[in-house]
Structures are given as C-alpha cells and as structure tokens.
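Below: the structure, in structure tokens.
There are 2 protein chains.
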Amino acid sequence: MRQSDLFTKTLKESPSDEQALNAQLLIRAGYIYKNMAGAYSFLPLGLRVINKVNQIIREEMDSIGGQELHMPSLQKPDLWQKTDRWSDNNVDVWFKSNLKAGGEVGFAWTHEEAITDLMKQYISSYKDLPFFPYQIQTKFRNEMRAKSGIMRTREFDMKDLYSFCATQEQHDSFYNSCAEAYMRVFSRVGIADKTYKTFASGGAFTQFSHEFQTLAEAGEDIVYINEEKGITINEEVLNDVDLQKEFGISKEDLTKKKSIEVGNIFSLGTKFSEALNLSFTDTESSKKPVIMGSYGIGPARLMGTVVDLLSDESGIVWPESIAPYRVHLIAIGEDNSQANSLYNKLKEQDVEVLYDDRDVRPGQKFADSDLIGIPTRVVISPKSIEAGGLEVKKRTEKDAKIVTEQELFDMLA
Amino acid sequence: MRQSDLFTKTLKESPSDEQALNAQLLIRAGYIYKNMAGAYSFLPLGLRVINKVNQIIREEMDSIGGQELHMPSLQKPDLWQKTDRWSDNNVDVWFKSNLKAGGEVGFAWTHEEAITDLMKQYISSYKDLPFFPYQIQTKFRNEMRAKSGIMRTREFDMKDLYSFCATQEQHDSFYNSCAEAYMRVFSRVGIADKTYKTFASGGAFTQFSHEFQTLAEAGEDIVYINEEKGITINEEVLNDVDLQKEFGISKEDLTKKKSIEVGNIFSLGTKFSEALNLSFTDTESSKKPVIMGSYGIGPARLMGTVVDLLSDESGIVWPESIAPYRVHLIAIGEDNSQANSLYNKLKEQDVEVLYDDRDVRPGQKFADSDLIGIPTRVVISPKSIEAGGLEVKKRTEKDAKIVTEQELFDMLA
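Chains as they are written, first to last, in this note's numbering: chain A, 134 to 546; chain B, 134 to 546.
Below, the structure written as structure tokens:
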C-alpha cells in the first residue's frame, strides 16, 4: 500500500477525553477512530491487525475441533426469560429496543441462550456429541462507563466458543485443550510471557472458572501471583480459597499485580441445557441434559493489550504476527525511482509492505514510522545508496544497518 | 470436512412459517438457522458461502481503489439530527435504545453520517481526494414485516462503500467504475445474465439512482425492461420518466418483470457533506463541500438470489465460485478405506472437500448431496471400483461417468 493513497493520516494529538495509552496511540497512528464513548471504528491499518488476530484465533479454535458459525445480535425475550437473564434486575448491560411489529428485542451481550436453542435442532443422541461451535461476532454491552480505550467498550467483537458434551470426561478434556489453545493464541500475539491462567469467580457450575490475565500497569484487574508455583488468583476470589489446603501456600507467598483479562473459560454444567431443554439420549437410552462450557477472547482487547505492553516512547511496536504490514519502506530524496522499484519487487514476493512515498520531510516519515510500529523499516535515500544499498532497522532495535537488496530478501524469506 | 463431524444435519422440513424458497432450502440443507423472524444464523456451510461472496466483493472493491474499514453499529443522535434522519417520523426503521450513562443510541441502518463525520479527520485539501472507504458490516432495520427469507431481514451484513470526491468528474468516473465492478461481482456469483442496471428513484442529488435488479419470480420489485436497447426501469419511477424523450421508446416497448434488487448506487452530491460540514480546499484555495456517493450490496441477499435462481426440484445448485466446497465425496459400502485415502489426497491438493463418511443409507447420501448442492459429486462404491474407479457427476448434469483418480485430479486442476 502506498501511504499517499491511504486515507488515514497520523495525528499530533488524540482526543482530549481519551485517557488510555492503547487508544491514544492507535488513534494518533490512524488505526482506530473514536465514534463515541465506547464505540470505535477500525480504520484500514487497524482492520488489518484485527483480521490477523482473528485469523490466529480461528486457526487455534479449528485445531481443537471448533466449527465457526455466525449468530445474530437480535434476541427474543422468551429464551432469556427461561434462564432468568432477560430482566434488567438480573443483567445490567442489556441494550433493548421495541420491535415495530410488536414486542421487545435485545442486542446480544453473550450467546449462550441462542446457541443452546439452536443446538436443539442438531443434538439428539450421544453419537452427535461433542460439538464445539464458535463465532467471532459483535457483543453489545450497555456499560455505565466505557473505559480503558478499546479494552472495555459498548460494542466489540468477541470470539465465543461453546462446548456441548455428553460426559464430564469429554468436557474436562476439551476444557483443558481449549486452555492450551488459548495460551498458543497469547504466545502467537506476543504476550504469553506475561499471561497467566488464573483462578476466578465460578461460572454456573463450578466454584472457580479460569481467566487468562496479562500483567500490565494499565490493567483494571488485580491478581495475586506466585510465579514459582505457577499459581495466579483473581483478587475477587482470594478470600474464597483455602490457600493452604488447595495450593500449600499462604497469602504472603503471593504478589499483588495489576492485570488485564484477555480471555476466560467457564464450565457451565447443565444450567443452560436444563433451562432450555437441550438433552440427548445416552448409551443406555436415557435422556440427559447436555454438559456445556463457554470460552471467550476479545480480539480488540488483545490488540489493545499488545499496544499497552509493547509500545515505547516513540509509538507502537507490533510483533510480526499481527503487524498491519511486515515492512515499512521509506523513500527519502527527490528521486523515488529506486524505492518504486523495490516496492514492486516486495509486492511481487508477497511481502506485505507499506510504502511511504509521500512528499513530506524525512523527520516526519521517521516519526510516523515509529508511531505506526511496523516491525522492519527499510529506507532508501541518497545516503543509503552511496553506502551500498538500503538502510534496515527493526522497530525493536536502536541501530540501522546497510544491506543489499538481496540481503533484505534473504532476511524476509 | 468429514460430514460425520459437521454439527448440522439436513432436515426433512423447514419451519412452517418460512415461505421463501431460499430460506426453506438453506434451512433444510443446514446452511442457516432461523433465530427469529428476520434474524438468521449462518451455520458452518452457510458461513463458508457468505465468506466467499464477501471475498469476491472485497476483491472487486479493492480493484477500484476501495479501502476497507469497520464502523460501529452504535450511533449518537446528534450527528443524525443534523441530517434530519434521527426522528422516527423521517426514518421508520431505527432500532433505538437508552444508554445507561444517559441519552439515547441508535443501531446503524446505514452509515453515511458516521463515515462523513469520520472523514472530517482526514480530508482537508483537494490533494487528499478522492477516497473510497468501504466496510462489510451489520445493518439493523426495524422492518414491520421481515420477508422473503434471507432477502429482507432485520439484521444483515451489507457491503457499503462511500465515495468522497473533489470534482463532479472524479465522482462520475468512480460511479461508472463501481457500476462495472458490481456487474463483475454479479457475474462471478453466477447471476449476471439475469441482472440489469436499472433506473430507480433518485438519491439526494440526482433524479435517478441506479439499482441492479435480477429477474426472478420470487422478487419483491417490478421492473420494466427492454432487452434490445438495454433499458430497465423500476416501476416506482416509470411515471416520472419521459420515455420517448429519454430513451426513444414508449411503454409498449417495455416488458413487466418481477425482480430482486441485488445492489444500488447513489450520487449523494453534497447533501451529507454540507449538513455535517465536510469540506476541502480546492486548487484555487476556496473551501468546498466534498461530493459524495454511496454504493451497497447485501451478501446474504446475493446468496439468497443465487439459491432462488439456480436451485432445482432436488435442492440447491451452487456455482463453483461460492460453493461451500468444490467436491462432495461420498463413500458407499462397508469399506471406507479407498474413500478415506482419496479424501486425504484431495485435502493435500488443497481441494475443498466435504466427505460423506456417515453410516447412513446410500439413498439418503445422494438426496442430501443434491440438497446441499456442491458442484462436483464423487462416489466411491464397490460398483464404481468394479467399473474402474470413481463415479463423478456435476450437480448441473443428469449423468455420472466413471473416471480414474488421475482423471479426477485433472478435472479439478
């Protein structure tokens, strides 16, 4: 992509009401746009990042047997009344509206009820099970306060997977393989070393669920962590745990840290299948409610976490895996012909490249490149040509080096 | 994909309240699920089709300079008040809700206001123009009556592109190239021979806009068409046109036909840019409002139109371009080993294949295969093996033929 064609521009300042570092940087660099408190647009650069995050999540969900589908946001009250989750007294994040044809509709803030109802069409025998449908779909949540930039918004995409199992063994096995798949996702986007599987408040079925918490100063959550024993506990449940009995530690062995919840997994038991009458016939021909679980990751929250964790004073620092482009090619000087030629060669080799062909000062190009945060910067200038080729610098490194075109392609291969 | 793993099953019947052929077939074959009137889920097979339709649309929009972004559904009233499109008296399809933090929000039924406001951040000079941002994003419309299956729903994805130009010449040139890109989309999904660029009621700026209408008995619209002269006119505007003066024909030269609107393109002039104050500085340093256009295609409507037009009495008939899989491999008989081996070879060659490895009667497998409508059916049975290999049949043809494995791969290459 030629930067002169890209409709976004970098901005000197982010909106004055934007407190969070992730949103400040992403707005200034042209990744996102704030439409209102808690609702952002993903601009071309931002959409490329989100699509890569989504693709990583899809690959890992598919690898554990996930099947992608897409459910609507619009929800009828009757389903949610059966699980006691329609009333605003029980659920305080509904957006509801009147249907012109009569009655109310809600905008889904989660999809357990919808998927359970849908599955009644397809599950009748233990032979049908297990199933692991998932979607990457918008959730609407009527938050009193949108905060933390793209971390807690009123509208966001979520990858939500639901497991449908015949036996507790099937369920436990999937629950564990999903936890492992989640860690692979966090590893691939570059935050695994700061991310811990954490005991959190239970779902419908078990005393505890698991969250994945990434240690970060910008976090809204508090966790207590013992690195040595690999134990992390959300502050919310700290008093509910008998630390000595469960883990053989005391509170003094734990360190308090701020963190960001980047994923969660819940054992739901038969709460939803009983309420909505989703049953199957088991091997002994008796009817049983299906055992369920739910598993969430928010791609935009993941993106924001990466920005919060990896950025430096000059701007964003993307890992290769989710960078909008691999190479930021910068032409300096009057004559762009060599840069144009390299741009075309990179495209021919399917290297994703953003090409700064704009007629602006070199200083601005370098500052914008640091702000945008593409992993490899390649400069062609009269100086680099005189020195023997291209000046290459990793976004994570301080010093540039001169390489030939062939050496660049070898680096990228 | 092994069909035994797919969570959907074909159904004998579709819901009794479902009148439209497209939805009846898509529900029975396991492509979609009706959550409520006007809101459907796209199941794994259906999502594959929609993703292919979306990819074709993306490629054609990118080919004319489109840049993809993603805007939120949530909308603040103030923007839409400026264009007089917030009040329910002026717009009768809003879903609105109360924001917990105070005030109202709407769920976008279109995005002109949102994109115009966003562009104020990035447009200041004629040098910035033109720009052609687009998205594939959900629209919510509070329809009194959802009808025609997936053709007119209360929640649907739309590809909406907006053009921002400095001059009328820039606008006209893009308008025409977008019309051509639309015809390429319709051609690639297999409905171009029945689809006509049609005069329709004007947008904000011109007397007429253009719709793309596909002739179909299931259509909700009426067009008057003169095939010879290539003139098609929506019934809505027939009385507003001086046929003799504009086209040199009279009403008798036109044939009345039912049709489905599969796309539309509007010249918006400066209606939105003036109301929302989106201006640029022209070559003579004077400030001018940006000239806009909007361009819509509904991927699900396209999918429904293909089903309505191309299906036969046995089920759906997908064109290669948007079929969920290219090959439907069917194993008949006790021993699946040869079918398993062919399945693995097809996957190794990156041939998209649905493999019916289920333990059900051959008759059901054949009926399901016709209903699902994958372009090429490949049967391995004791009979086919005795006859020298595989029995191959195109969904569009009556007769099967026996081919060797090598011949099959040559066919698919």
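Backbone N, C-alpha and C fix where the C-beta goes; we use that ideal spot for every residue, glycine too.
| Query | Result |
| --- | --- |
| Test item: CB-CB of Phe405 of chain A and Glu302 of chain A under 7 Å | no |
| C-beta neighbour in chain A for Gln200 of chain B, strict 7 Å | yes |
| Exposure of Ser281 of chain A, with buried meaning 16 or more beta-carbon neighbours within 10 Å | buried |
| Alpha-carbon to alpha-carbon, Val370 of chain B and Ser137 of chain B | 52 Å |
| Range of the contiguous alpha helix (DSSP H) that encloses His343 of chain B | From DSSP, His343 of chain B is part of no alpha helix (DSSP H) but of the beta strand (DSSP E) over 341-348. |
| Val511 of chain A beta carbon less than 7 Å from that of Gly522 of chain A | no |
| Amino acids of chain B, ordered along the chain, whose beta-carbon sits closer than 7 Å to that of Glu246 of chain A | What Glu246 of chain A touches in chain B: nothing, since even the nearest Cβ is about 10 Å away. |
| Sequence-distant residues of the same chain with beta carbon closer than 6 Å to Gly239 of chain A, five excluded per side | Gln208, Trp227, Lys229 |
| Within 7 Å, strictly: CB atoms of Lys330 of chain A and Val356 of chain A | no |
| C-beta contact flag for Gly429 of chain A and Phe345 of chain A at 7 Å | no |
| Opposing strand residues paired with Ala172 of chain A [DSSP bridges] | A:Met169 |
| Length of the line joining the Cα atoms of Ile190 of chain B and Met425 of chain A | 37 Å |
| Contacts that Leu176 of chain B makes with chain A (C-beta to C-beta distance below 8 Å) | Leu202 |
| Short Cβ contact (7 Å threshold) for Gly363 of chain A with Val450 of chain A | no |
| Assigned secondary structure, Ala156 of chain B (DSSP; H/G/I helix, E/B strand, else coil) | helix |
| Within chain B, partners of Glu288 of chain A - CB distance below 7 Å | Pro205, Ser206, Leu207 |
| Glu538 of chain A versus Phe307 of chain B - alpha carbon distance | 37 Å |
| Three-state secondary structure assigned by DSSP to Glu192 of chain A | helix |
| Straight-line gap, Thr249 of chain A to Asp483 of chain A (C-alpha atoms, nearest Å) | 43 Å |
| Contacts that Tyr476 of chain B makes with chain A (C-beta to C-beta distance below 9 Å) | Going along chain A, no residue has its Cβ under 9 Å from Tyr476 of chain B, so there is no contact; the nearest lies around 17 Å. |
| Residues in the stretch 251-272 of chain B having any Cβ partner in chain A nearer than 7 Å | Leu251, Gln254, Tyr255, Phe264, Pro266, Thr271 |
| Beta-bridge partners of Glu394 of chain A, as assigned by DSSP | A:Gln346 |
| Reference Gly437 of chain B, options B:Lys516, B:Glu353, B:Asn410, closest by Cα | B:Glu353 |
| Exposure of Pro177 of chain B, with buried meaning 16 or more beta-carbon neighbours within 10 Å | buried |
| Any C-beta of chain A under 7 Å from that of Leu401 of chain B | no |
| One or two residues paired with Asp579 of chain B in a DSSP bridge | Since the first residue shown for chain B is 134 and the last is 546, residue 579 of chain B is missing from the structure and cannot be characterised. |
| Residues that DSSP places opposite Val511 of chain B in a beta bridge | B:Leu462, B:Val525 |
| Run of the beta strand (DSSP E) containing Met291 of chain A, from where it starts to where it stops | 288-298 |
| Alpha-carbon to alpha-carbon, Ile398 of chain B and Asp293 of chain B | 10 Å |
| Gln564 of chain A: first and last residue of the uninterrupted beta strand (DSSP E) it sits in | Chain A is shown from 134 up to 546; residue 564 of chain A falls before or after that span and cannot be answered. |
| 3 or more residues per run - each beta strand (DSSP E) lying fully within the stretch 188-264 of chain A | 228-231, 237-240 |
| First through last residue of the beta strand (DSSP E) which encompasses Pro495 of chain B | Per DSSP, Pro495 of chain B belongs to no beta strand (DSSP E); it is in the alpha helix (DSSP H), 495-505. |
| Residue-level contact to chain A via CB, Thr529 of chain B, 7 Å cutoff | no |
| Sheet register partners of Pro422 of chain B (DSSP bridge) | B:Ser412 |
| Phe332 of chain B - containing alpha helix (DSSP H), residue span | Per DSSP, Phe332 of chain B belongs to no alpha helix (DSSP H); it is in the beta strand (DSSP E), 328-334. |
| Near-chain B residues of the stretch 219-236 of chain A (beta-carbon distance less than 9 Å), N- to C-terminal order | Asp225, Val226, Trp227, Phe228, Lys229, Ser230, Asn231, Leu232, Lys233, Ala234 |
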